[in-house]
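The structure under discussion appears below in the form of structure tokens.
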Amino acid sequence: MKTAAVIVFLALGIFPSFQDATAQDDKGFCSEYQKPPSVCTKDFHQICGTDNKTYSNKCFFCKAVWENLGSLCFKQEGEC
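Counted the way mature numbering (1 follows the signal peptide of the UniProt record, and there is no 0) counts, the sequence shown spans residues -23 to -1, 1 to 57.
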């Protein structure tokens, strides 16, 4: 039983990272941002995060990823 619990725990911990890594051709969705973006443009290309919030664009989404210490991942393009 302990083995099953460990496997489930590891799977839950790895899945969000795997989802983010595979979202953009084996690169992290926000890998272009080496630090949190300080200014984002107002272009409108919605991104849905795993927190089920819709972000105006990739910059605002990646800023939220930094603010959430990487616990937020890319879910899909467009509105949630």
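For every residue, glycine included, the Cβ atom is placed at its ideal position computed from N, Cα and C.
Since this is a predicted model, take the numbers as computed values, not measurements.
Per DSSP, the bridge partner or partners of residue i
{"i": "residue 26", "result": "51"}
{"i": "residue 32", "result": "24"}
Per-residue burial, residue i [other beta carbons within 10 Å of its own, 16 or more giving buried]
{"i": "residue 46", "result": "exposed"}
{"i": "residue 37", "result": "buried"}
{"i": "residue 16", "result": "exposed"}
{"i": "residue 35", "result": "buried"}
{"i": "residue 26", "result": "buried"}
{"i": "residue 18", "result": "exposed"}
{"i": "residue 12", "result": "exposed"}
Candidates the options, of which the one nearest residue i by Cα
{"i": "residue 9", "options": "42, 29, 33, 20", "result": "42"}
{"i": "residue 56", "options": "5, 29, 11", "result": "29"}
{"i": "residue 20", "options": "32, 49, 51", "result": "32"}
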